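Enquirer: Take a look at the following structure, please.
Protein chains in written order, with the numbering used here: chain A, -7 to 336; chain B, -4 to 229.
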């Protein structure tokens, strides 16, 4: 390694190990956080089952894509999981609508104080959902991505640029970022421009007045669950393609997702996205070992001997927790001034 | 039988009885006002007429048809419209979106009705892209009124339309209400400003503790010594 200051290689290093992973992890969190935001805005509770629902959606994708691979229905270059998403979406929608019919609808009918009742009910749904997933696929981790792993690999990048430090762009990262942009664009178009989307905003804004305007609450709730199915299945699949599938990992995703939603301002879709990237970058920046990065940037005499890692990766969930506590203490409405959770 | 009629309505919130055999009615092209002290059940009558609260007994009829069993949405579809006293706009939606939501159940083109609302309230046209939450109290009341007009209702129910607005705006709102009545709509409103409301009303109902205490034309009630002494301050 040279002893001169090498900004380009330092930047390449950061791109490969921090920026690209954080962008794709942030996109996955953002999709999950948008699903939580939708449920909170329309059904008025914080959906604790979100992480396990993502596992359920991913499970459907794994099962369907497994079948497709066995039949040879694949596309070259891309994971078969992407082809399986539309079918999995149907299954996920049916599952969520059934849960709504069996569990949540009852509490709407009796007009329960919804956030706390909904939270408690969703914890039940969380355990049931997680149980079903473990029953069908088992509790161990597995990988289900087939096709090309990289859009370009470290070696290809190095050969192309001649840099010492390579950047790999994984197919899963490319898919994550592309699909996240498409889905977010779709959601905002839907909520801002379509009659149904506006009705959902109206219902979220002032439920009684929405009823007085003839907006059908059952339909609003059903469409919400369909959107949640879309975001949940895709978020779960992308996370799984990136990091592998493990039910416990998905269950724990609830914490960074909730942190994203609250940091951004609960009930605010833009806030959920901003919060997701804030959480993702914090998690990765704080757990990254900066030794090599500093070696590129500092003169030889100042080269660090330790890893220069602020927090061990095993504590990454604590970061979400700390962010959550700080936001609730300092600015409970979040960055984008959402609602304050008051148990109502 | 009157166009909209609530007959012998009995209703309660949980175990607390609110209405005891209370009756109100309004004809098309007529303005009827419900006045009375706080807690008399004025707003509750509205909620029962709209199906937002179920009556334990009594009936609600619209144009001779019993609508007591219908949901709020179905009653809205049949021509009832309601402007609540508070929370009567969608705050984080624009003025225009508020009006669009008012016409949600209509399958035909609503742009003409939106234009009519803008003609009635020109200020709303200037502010059509603004969020309702950014408007003044009087303007927000106009949005609420316009939203209710969007279904082209035959009956307009208003819960204290002048609560919390300045006297000038109050006169404006009353004149809007008279316009609507003159256009042939049946208007039933609950009003805190009893004197002014009865002055312009065709018919008045004085409610006390959920019972009809006095009923008559606006003039009769204003000239009634007992009503004046008890409710209009002398």
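Beta carbons are placed, not taken as given, at the ideal position from N, Cα and C, and that holds for glycine.
Bear in mind the structure is a predicted one, so any value in this text is a computation, not a measurement.
1. Which whole-angstrom value is the C-beta distance of residue 194 of chain B and residue 217 of chain B, which I expect to be below 8 Å?
2. Return the chain-ordered list of same chain residues with a C-beta closer than 6 Å to the C-beta of residue 80 of chain B, the five sequence neighbours on each side being excluded.
3. DSSP has residue 46 of chain A in a bridge; who is on the other side?
4. Step through the CB atoms of chain A and report whether any lies within less than 8 Å of the CB of residue 62 of chain B.
5. Mark residue 71 of chain A as exposed unless 16 or more other C-beta atoms lie within 10 angstroms of its C-beta, in which case mark it buried.
6. Give the DSSP-derived three-state secondary structure of residue 1 of chain B in the structure shown.
7. Is any beta-carbon of chain A found at less than 8 Å from that of residue 96 of chain B?
8. How far does the beta strand (DSSP E) with residue 211 of chain B in it reach, from first residue to last?
9. Out of A/294, A/315, A/286, which has the shortest C-alpha to C-alpha gap to residue 269 of chain A?
10. Tell me the rounded alpha-carbon separation between residue 40 of chain B and residue 4 of chain B.
11. Taking only runs that begin and end inside the stretch 51 to 126 of chain A, name each unbroken alpha helix (DSSP H) of 4 or more residues, in chain order.
12. Does DSSP put residue 50 of chain B in a helix, a strand or coil?
13. Taking the alpha-carbon of residue -1 of chain A as reference, which of A/168, A/229, A/155 has the nearest alpha-carbon?
14. Just to confirm, is the Cβ distance from residue 25 of chain A to residue 267 of chain A under 8 Å?
15. Count the C-beta pairs between the stretch 80 to 89 of chain A and the stretch 212 to 229 of chain A that are closer than 8 Å, then say yes if the count reaches three, no if not.
16. Three-state secondary structure (DSSP) at residue 154 of chain B?
17. Using the Cα positions of residue 272 of chain A and residue 21 of chain A, report the straight-line distance between them to the nearest angstrom.
18. Could you list which residues in chain A have their beta carbon closer than 8 Å to that of residue 79 of chain B, in chain order?
19. Quick one: which chain A residues come within Cβ less than 8 Å of residue 71 of chain B?
20. Does the stretch 72 to 92 of chain B come close enough to the stretch 128 to 141 of chain B to have 3 or more Cβ pairs within less than 8 Å?
21. Strictly under 8 Å for the Cβ-Cβ distance: is residue 68 of chain B near chain A by that measure?
22. Could you say if the stretch 54 to 71 of chain A and the stretch 136 to 147 of chain A meet the contact criterion of at least three C-beta pairs nearer than 8 Å?
23. Under a Cβ-count criterion, where at least 16 other Cβ atoms within 10 Å of its own Cβ denotes burial, should residue -3 of chain A be classed as buried or exposed?
24. Does residue 210 of chain A come within less than 8 Å of chain B when only Cβ atoms are used?
25. Mapping the DSSP letters down to three states, classify residue 137 of chain B as helix, strand or coil.
26. Taking the DSSP output, what are the residues bridged to residue 8 of chain B?
27. Would you tell me roughly how many angstroms separate the C-alpha atoms of residue -7 of chain A and residue 299 of chain A, rounded to the nearest one?
28. Give a yes or no on whether the C-beta atoms belonging to residue 236 of chain A and residue 135 of chain A are separated by under 8 Å.
29. Could you tell me whether the Cβ of residue 193 of chain A comes closer than 8 Å to any Cβ of chain B?
Expert: Let me spell this out:
1. 7 Å
2. 154, 155, 158
3. None, per the DSSP bridge assignment.
4. no
5. buried
6. strand
7. yes
8. 206 to 211
9. A/315
10. 8 Å
11. 72 to 91, 97 to 101
12. coil
13. A/155
14. yes
15. yes
16. strand
17. 8 Å
18. 200, 201, 204
19. 204, 205, 206
20. yes
21. yes
22. yes
23. exposed
24. no
25. helix
26. B/11
27. At residue -7 of chain A, the pLDDT of 49 sits below 50, so the modelled position is not reliable and the matter cannot be decided from this model.
28. yes
29. yes
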